[in-house]
Amino acid sequence: MDQGLTSPPPCGVGVAGVYVPDQDEALAFYVDKLGFRVHTDVRNGTYRWLTVQHPEQPGFQLGLFCPGPPIHDEATAQALQALVAKGAMPPLVLQVRDCRAAHAHMQARGVEFTQEPVERYGQVDAGFRDPAGNGWKMIQRAQGDRA
């Protein structure tokens, strides 16, 4: 039924974040080793809003956020950092055209992999962690998959 309402404007997720204890170390990893670029790096007192962007995905930013004030109290910040260091946070997924080639390229840049490329479920995937402990799955889509 049309009640004179218009459809909502197009929207989507623009920023998702990971917790890192050292934003400068995380920035070097994501830029120098994974090939991301800085999108936003601004400060408000001790708080730093830092996001990076994959060059092939300009509509999305990955936030590199340090747990602590003004968002978290000290106990919460320490608990979050401990969870990240243990690899307990949900993994992120990096989609690539060729998992084995991306693995070789990233390994040459110093990325330490937790899982070598493996073919399963019609695709090839590998695993690695950032310096903070955030887990990543790198997935090569099966041919013909447009996702």
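For what it's worth, my numbering labels the leading residue of the sequence shown as 27, then goes sequentially.
Quick reminder that beta carbons are idealized off the backbone N, C-alpha and C, glycines included.
Kindly indicate which three-state DSSP category residue 91 falls into: helix, strand or coil? To locate residue 91, count along the sequence shown from 1; it is residue 65. Strand at residue 91.
Any alpha helix (DSSP H) of 4 or more consecutive residues that is wholly inside the stretch 67–127: Within the stretch 67–127, complete alpha helix (DSSP H) segments of at least 4 residues are found at 100–111, given in chain order.
Residue 46 vs residue 91 beta-carbon contact at 8 Å: The residue labelled residue 46 in the question sits at position 20 within the sequence shown. The residue labelled residue 91 in the question sits at position 65 within the sequence shown. A contact, by the Cβ cut-off of 8 Å.
The stretch 55–75 in contact with the stretch 127–144 per 3-pair CB rule at 8 Å: Judged by Cβ distances under 8 Å, the stretch 55–75 makes contact with the stretch 127–144, as three or more pairs qualify.
For residue 96, which residues of its own chain have a beta-carbon under 8 Å away from its beta-carbon, when the five flanking residues on both sides are left out? The count along the sequence shown starts at 1 and reaches residue 96 at position 70. Cβ neighbours of residue 96 beyond the five flanking positions: 73.
Would you tell me roughly how many angstroms separate the C-alpha atoms of residue 112 and residue 34, rounded to the nearest one? Translated into positions along the sequence shown, residue 112 becomes position 86. Translated into positions along the sequence shown, residue 34 becomes position 8. Going from the Cα of residue 112 to the Cα of residue 34 covers about 41 Å.
What whole-angstrom Cβ distance do residue 81 and residue 63 have, given they're in contact under 8 Å? To locate residue 81, count along the sequence shown from 1; it is residue 55. To locate residue 63, count along the sequence shown from 1; it is residue 37. Contact flag correct, Cβ pair sits at about 6 Å.
Using 8 Å for Cβ pairs, my map puts residue 103 next to residue 117. What's the rounded Cβ distance? Translated into the one-based positions of the sequence shown, residue 103 becomes position 77. Translated into the one-based positions of the sequence shown, residue 117 becomes position 91. No, residue 103 and residue 117 are not in contact; Cβ-Cβ is about 22 Å, not under 8 Å.
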